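Visitor: Under the numbering used here, read the sequence shown as residues 1 to 304, first letter to last.
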Amino acid sequence: MLNECLEALNIDSSGIYVDGTLGNGGHAGKILEQLGEGGMLVGFDRDIDAIQRVGERLRSGAGKRVELVHDNYANMAAQLDRLGIEKVNGILLDLGVSSFQLDEAERGFSFQQDAPIDMRMDRSGGPTAADLVNEAGEQELADIIFRYGEDRMSRRIARAIVEARANGRIETTLELAGIVERAKGGRKGRKTHPATQTFQALRMAVNDELAGIEQVLEGMIGRVVEGGRIAVLTFHSLEDRLVKQFFSRHVPREESLHQGGVRRIYQEPPVEWVWKKPKTATEEELAENPRSRSAKLRAVRVGV
Ligand SMILES: C[S@@+](CC[C@H](N)C(=O)[O-])C[C@H]1O[C@@H](n2cnc3c(N)ncnc32)[C@H](O)[C@@H]1O
1 MLNECLEALN IDSSGIYVDG TLGNGGHAGK ILEQLGEGGM LVGFDRDIDA
51 IQRVGERLRS GAGKRVELVH DNYANMAAQL DRLGIEKVNG ILLDLGVSSF
101 QLDEAERGFS FQQDAPIDMR MDRSGGPTAA DLVNEAGEQE LADIIFRYGE
151 DRMSRRIARA IVEARANGRI ETTLELAGIV ERAKGGRKGR KTHPATQTFQ
201 ALRMAVNDEL AGIEQVLEGM IGRVVEGGRI AVLTFHSLED RLVKQFFSRH
251 VPREESLHQG GVRRIYQEPP VEWVWKKPKT ATEEELAENP RSRSAKLRAV
301 RVGV
């Protein structure tokens, strides 16, 4: 949904734009193309590999200012303070993992290849998914798989994981995928691998993904110029609900007063939806990238 993201941002060529999720740099590159000499792009990724991979390519755009920050976008406001930037014209968040991360076996995000179950976007510290799988209690695992994976067999999967631990640590993606597959009674009749939701759930838990979204929106909504935009592309119903509810609190609604007249109720600053309904992937995009089936793009214009 590259074009829709660009439409949502409605780029001012001399503005300051923040891409909170650089990934493979696709969106950032397109934003940069639309910026003039006075414009600036600030890119975040908590994965140092992403910063290193796209850094040179983005910085080589002559005459334009590019700042890349290796940090969680949850810390965006503090990082912009450090850079001396008070307000920005637009923010883009394209949530989840990049194709690069998924394809790189050693990152442990995928059960297509065997590798240690890492799943950290930022490998500089913190527990891995293997730590979670081997150390969390059965109830905690079931809750994670149910909440983030929306898998109705979460209890059965958690029980199978705990039972398998009795034979030693579960270290690799294929080991884990096999345990989940057996717990769910095999692959029969399924379009996707039976471990898909468990892997997604562990990834979201290990990276504390939902907390970061709330934090960046809270921290940044007051730092977008009047008329500026925030666009968020989600791939999970919980993420989408969080984004929708967050912005809805800032969209003014009118309440009738006893004494007549109306008052507008909203949290500062007021915002307006760019589109009433979220944008979803076109048939063409779906054919090209099946992962886009769950994609939803919501965007707001600040100040109404
Ligand atoms: C779906 S990809 C973005 C793809 C990108 N829009 C492009 O055009 O290539 C998501 C990226 O965001 C990064 N990411 C996810 N959560 C993050 C967070 N809380 N803070 C910073 N980066 C994050 C991931 O490491 C990954 O590289």
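C-beta atoms are modelled at their ideal positions from N, C-alpha and C, and glycine is treated no differently.
Here the structure is a predicted model, which means the values were calculated and not measured.
Would you say His236 touches ligand 1, meaning its beta carbon is less than 8 Å from a heavy atom?
Guide: no
Visitor: When you compare only the Cα positions, how much space is there between Val225 and Lys87?
Guide: 6 Å
Visitor: From the DSSP secondary-structure annotation, give me the bridge partner or partners of Ser327.
Guide: Given a span of 1 to 304 for the chain in the structure shown, any question on residue 327 remains unanswerable.
Visitor: From the DSSP output, which residues share a beta bridge with His258?
Guide: None; His258 has no bridge partner.
Visitor: Any heavy atom of ligand 1 inside 8 Å of the beta-carbon of Met386?
Guide: The requested residue 386 does not occur in the structure, where the chain is confined to residues 1 to 304.
Visitor: When the distance is taken between beta carbons, is Glu67 closer than 9 Å to Ala130?
Guide: No.
Visitor: Within its chain, find whatever has a CB closer than 7 Å to the CB of Asp71; leave out the 5 residues flanking it on each side and keep chain order.
Guide: Phe44, Arg46 and Gln79
Visitor: Curious, which full-length beta strand (DSSP E) runs of at least 3 residues does the stretch 1 to 84 contain?
Guide: 16 to 19, 40 to 45 and 65 to 70
Visitor: Comparing the CB of Gly41 with every heavy atom of ligand 1, is any distance shorter than 8 Å?
Guide: Per the sequence shown, the amino acid found at residue 41 is Leu instead of Gly. Flag unset: Cβ of Leu41 not near ligand 1.
Visitor: How far does the alpha helix (DSSP H) with Arg229 in it reach, from first residue to last?
Guide: Segment Val224 to Thr234 is the beta strand (DSSP E) holding Arg229; no alpha helix (DSSP H) there.
Visitor: Closer than 7 Å by C-beta to Glu4: which residues in its own chain qualify, once you throw out the five before and the five after it? Chain order, please.
Guide: Lys279 and Leu297
Visitor: Express the C-alpha separation of Ala299 and Lys277 in angstroms, rounding to a whole number.
Guide: 10 Å
Visitor: Against chain B, does Gln215 count as a neighbour if the rule is that its beta carbon must be under 9 Å from one of theirs?
Guide: The question asks about chain B, but that chain is absent: this structure has only one protein chain.
Visitor: At a threshold of 8 Å, does Ala50 count as lining ligand 2 (C-beta to nearest heavy atom)?
Guide: Ligand 2 is not part of the structure shown, which contains ligand 1 as its ligands.
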